[in-house]
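Contents: one structure, followed by commentary.
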Ligand SMILES: Nc1ncnc2c1ncn2[C@@H]1O[C@H](COP(=O)(O)OP(=O)(O)OP(=O)(O)O)[C@@H](O)[C@H]1O
Ligand SMILES: [Mg+2]
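Residue numbers (the working numbering): 122 to 450.
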């Protein structure tokens, strides 16, 4: 088997992506067929098909998800207030500055040790606020926390939650927290500023205050066996009383040179790169971009090289991808 396929296979396993593992396995079967190893190819194909059949019988790790039917919905049009994210699709591999990585690890370890902490009257960090600029890992961080704790990820659907009818938004919020108390989950309030904006910021003060007060109360009263994760790009616009309701507030900043170089290498790890590419120097030239932009540069550079049928990604690929991105933003 080619080294490149082996690398891709191991990278998919490392990232826990069964979809990627399957894709690489199929590629291996095709390669073996092309090489004329028909018996081996057919044996491998059989194993893949059996694995596929068994997939539906395999139980996910960690707590089970609630059947969709028992999840809360709004009164107006019965739209679901929560979207359950399948464990299989959760991404968890992140590049982070070490102090941020340590904060994530601490939340994950405390969650695992929550019973032991409780015997000493201590509480694991359960209410987490993630904040920082766009494309720097807030949503990814929520997925990672769900993945690492084995909790199902429940994403709050603000489109169904927010209602123009007086009192209904607060009512819906209550239903969401009630569900999160019943079923251990990582409840994710993405872009929480939508409902946690400072009271008095808008004209509809009555309803805004009502929703913020409800959220404050629900956060304080939460006794579920899971996590509450909130994320925002607008840290300063949150109501001041919100901050102290969280046990952990993690800033996810833009990547520094070190993280940019690590992310570029990670994204290009399935391909070969010309020896003269100096990741540290190239990283300096894209300093100031977000993680998602850096990742996009690496992916576009990789595509440029593959489309040109070159074996190795070169500096021109990276520079072309970077210039193109900078032109568009
Ligand atoms: N720390 C990171 N390590 C590796 N990849 C990252 C990281 N942060 C972001 N990414 C990549 O960028 C993509 C976008 O990140 P994400 O959706 O988590 O950003 P966000 O902070 O939630 O942005 P927004 O404020 O726009 O919602 C991710 O899907 C991932 O591919
Ligand atoms: Mg996000």
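Ideal Cβ placement from N, Cα and C applies to all residues, glycine included. Bear in mind the structure is a predicted one, so any value in this text is a computation, not a measurement.
Taking only the alpha-carbon atoms, compute the straight-line gap between residue 286 and residue 344 and give it to the nearest angstrom. 29 angstroms
Near residue 435, what residues of its chain come up, given a Cβ to Cβ distance below 6 angstroms and the 5 sequence neighbours on each side ignored? 395
If you measure from the CB of residue 170, is any heavy atom of ligand 4 nearer than 6 angstroms? This structure does not include ligand 4; its bound ligands are ligand 1 and ligand 2.
Going by beta carbon distance, what residues of the same chain come within less than 7 angstroms of residue 336, once the five residues before and after it are set aside? Excluding sequence neighbours, residue 336 sits near 294, 316, 317.
Inter-residue Cα distance where the pair is residue 193 and residue 249: C-alpha separation (whole angstroms): 22 angstroms.
Let me check understanding here. Comparing Cα to Cα, which of 301, 153, 168 lies closest to residue 162? 153
Between the C-alpha atoms of residue 298 and residue 339, what's the straight-line distance to the nearest angstrom? 7 angstroms
Can you look up residue 188 in the DSSP assignment and give me helix, strand or coil? Confidence at residue 188 is low in this model, with a pLDDT of 47, below 50, so its placement is unreliable and the value that follows should be read with caution. Reduced to three states, the DSSP call for residue 188 is coil.
What does the alpha-carbon distance come out to for the pair residue 166 and residue 130? Straight through space, the alpha carbons of residue 130 and residue 166 are spaced by roughly 16 angstroms.
Distance between residue 443 and residue 401 (C-alpha atoms, nearest Å): 15 angstroms
So that I know if they touch, is there some Cβ in chain C lying closer than 7 angstroms to that of residue 150? The structure shown contains no chain C; it holds only a single protein chain.
Can residue 236 be considered in contact with ligand 2, in the sense that its beta carbon sits closer than 6 angstroms to one or more heavy atoms? It does not: the Cβ of residue 236 is nowhere closer than 6 angstroms to a heavy atom of ligand 2.
Taking the alpha-carbon positions, what's the residue 276 to residue 156 distance? 46 angstroms
Using 6 angstroms as the cut-off, classify the Cβ of residue 277 as near or not near the heavy atoms of ligand 1, replying yes or no. no
Per DSSP, what are the beta-bridge partners of residue 204 in this structure? 276
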